[in-house]
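Protein chains in written order, with the working numbering: chain U, 1 to 118; chain R, 1001 to 1112. Structure, as structure tokens:
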Amino acid sequence: NAGVTQTPKFQVLKTGQSMTLQCAQDMNHNSMYWYRQDPGMGLRLIYYSASEGTTDKGEVPNGYNVSRLNKREFSLRLESAAPSQTSVYFCASSDTPGTSGGWVDTQYFGPGTRLTVL
Amino acid sequence: GDSVTQMEGPVTLSEEAFLTINCTYTATGYPSLFWYVQYPGEGLQLLLKATKADDKGSNKGFEATYRKETTSFHLEKGSVQVSDSAVYFCALRGGGDDKIIFGKGTRLHILP
């Protein structure tokens, strides 16, 4: 049981290049999330997907697109990378609140992708 | 909108000291409250949670009590260890909402 996996772990891009960050979870969770973490800013939500086939903007969506490929996978795409997108990116997943007992609505995080845009 | 405010760090303590990290929140209704911890080089993981007023969440010697009257969820531990060095995030989820709102995090350094 791997939990939430992310690839790649590290990436360096030049301004204007594109790339896709991959995320997969094996916990059969309905909800998935993409965050960025910057010094002094905490975690900010970029996009989330409450269920397969749906996506919604979070706090900082500009410059990003997402795809919920299936229930397991949720990818984040940078079409034209900018230095302001240098950050650590985390994917997370959770059960839909109210659908299970125990630690319902806990978010489980991947190990992160450290992205540098030059 | 909903928000979380936690004390700024870094916080530096000696081993076996008492720890308090303050957290207050603003939310409509009755949110669930969380503390997450991030160890160096890793993603966040849930430390404890509370879902209603006066609930106490606890795990690994850490505790936090949901205080609706003061809109607070302060994290405490009686005797910290070097291995507790990490970044701690207070967070909330509003009722009926899929999203969790995180505070900015507090970095904790424990000296041997």
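Backbone N, C-alpha and C fix where the C-beta goes; we use that ideal spot for every residue, glycine too.
Under 7 Å between beta-carbons, which chain U residues line up against residue i? List them in chain order, please.
i          : result
Gly1057(R) : Correct list: empty, because the minimum Cβ distance to chain U is about 11 Å.
Ile1021(R) : Correct list: empty, because the minimum Cβ distance to chain U is about 14 Å.
Phe1073(R) : Per Cβ cutoff of 7 Å: no residues; Phe1073(R) is ~16 Å from chain U at best.
Residue i and residue j look like a contact to me (Cβ under 8 Å); what is the Cβ gap, rounded to whole Å?
i          : j          : result
Leu78(U)   : Ser18(U)   : 6 Å
Leu1047(R) : Asn1059(R) : 6 Å
Leu1077(R) : Phe1062(R) : Looking at the sequence shown, residue 1077(R) is not Leu but Lys. Confirmed, Cβ separation roughly 5 Å.
Gly63(U)   : Gln37(U)   : Wrong, their Cβ atoms sit about 16 Å apart, outside the cutoff.
Short check: CB of residue i to CB of residue j, under 8 Å?
i          : j          : result
Met27(U)   : Gly3(U)    : yes
Ser49(U)   : Phe74(U)   : yes
Phe1073(R) : Tyr1030(R) : no
Gly1094(R) : Asp1002(R) : yes
Cys1130(R) : Gln1038(R) : Coverage of chain R is limited to positions 1001 through 1112, which leaves residue 1130(R) absent and any answer about it impossible.
Gln6(U)    : Gln25(U)   : no
Thr116(U)  : Leu76(U)   : no
Asp1054(R) : Tyr1066(R) : yes
Glu1008(R) : Leu1111(R) : no
Leu1092(R) : Val1004(R) : yes
Tyr35(U)   : Val66(U)   : no
Gly42(U)   : Phe1034(R) : no
Tyr89(U)   : Gly58(U)   : no
Along the chain, where does the beta strand (DSSP E) that runs through residue i open and close?
i          : result
Glu1076(R) : Leu1075 to Lys1077
Glu52(U)   : That residue, Glu52(U), is in no beta strand (DSSP E); it is neither H nor E in DSSP.
Lys1056(R) : Lys1056 to Asn1059
His1109(R) : Thr1106 to Leu1111
Met19(U)   : Met19 to Gln25
Asp38(U)   : Ser31 to Asp38
Leu78(U)   : Phe74 to Leu78
Gln1045(R) : Leu1044 to Ala1050
Phe1062(R) : Phe1062 to Thr1065
Leu1019(R) : Leu1019 to Ile1021
Tyr89(U)   : Ser87 to Ser94
Gln1140(R) : Nothing in the structure corresponds to residue 1140(R), since chain R is present only between 1001 and 1112.
Thr7(U)    : Val4 to Thr7
At a CB-CB cut-off below 7 Å, which residues of chain R make contact with residue i?
i        : result
Met41(U) : Lys1104
Leu45(U) : Lys1099
For residue i, count neighbouring Cβ atoms within 10 angstroms of its own Cβ and tell me buried if that reaches 16, exposed if not.
i          : result
Ser80(U)   : exposed
Asp56(U)   : exposed
Leu1075(R) : buried
Ser31(U)   : buried
Lys14(U)   : exposed
Gly102(U)  : For Gly102(U), the pLDDT reaches just 43, beneath the cut-off of 50, and the residue's location in the model is therefore unreliable, although a value from the coordinates is still provided. Classification of Gly102(U): exposed, given that the 10 Å Cβ count is below 16.
Ala1017(R) : exposed
Gly1057(R) : buried
Gln1081(R) : exposed
Ser1032(R) : buried
Leu45(U)   : buried
Thr1028(R) : exposed
Lys1049(R) : buried
Lys1068(R) : exposed
Ser87(U)   : buried
What residues from chain U crowd round residue i, counting only those whose CB sits closer than 9 Å?
i          : result
Glu1042(R) : Phe109, Pro111 and Gly112
Phe1018(R) : The contacting residues do not exist; Phe1018(R) stays about 25 Å from chain U at best.
Using a Cβ cut-off of 8 Å, pull out every chain R residue sitting near residue i, in sequence order please.
i        : result
Phe90(U) : Gly1043 and Leu1044
Applying a beta-carbon distance threshold of less than 9 Å, which residues of chain R neighbour residue i?
i         : result
Thr116(U) : Result: empty, since nearest Cβ-Cβ is about 16 Å, beyond 9 Å.
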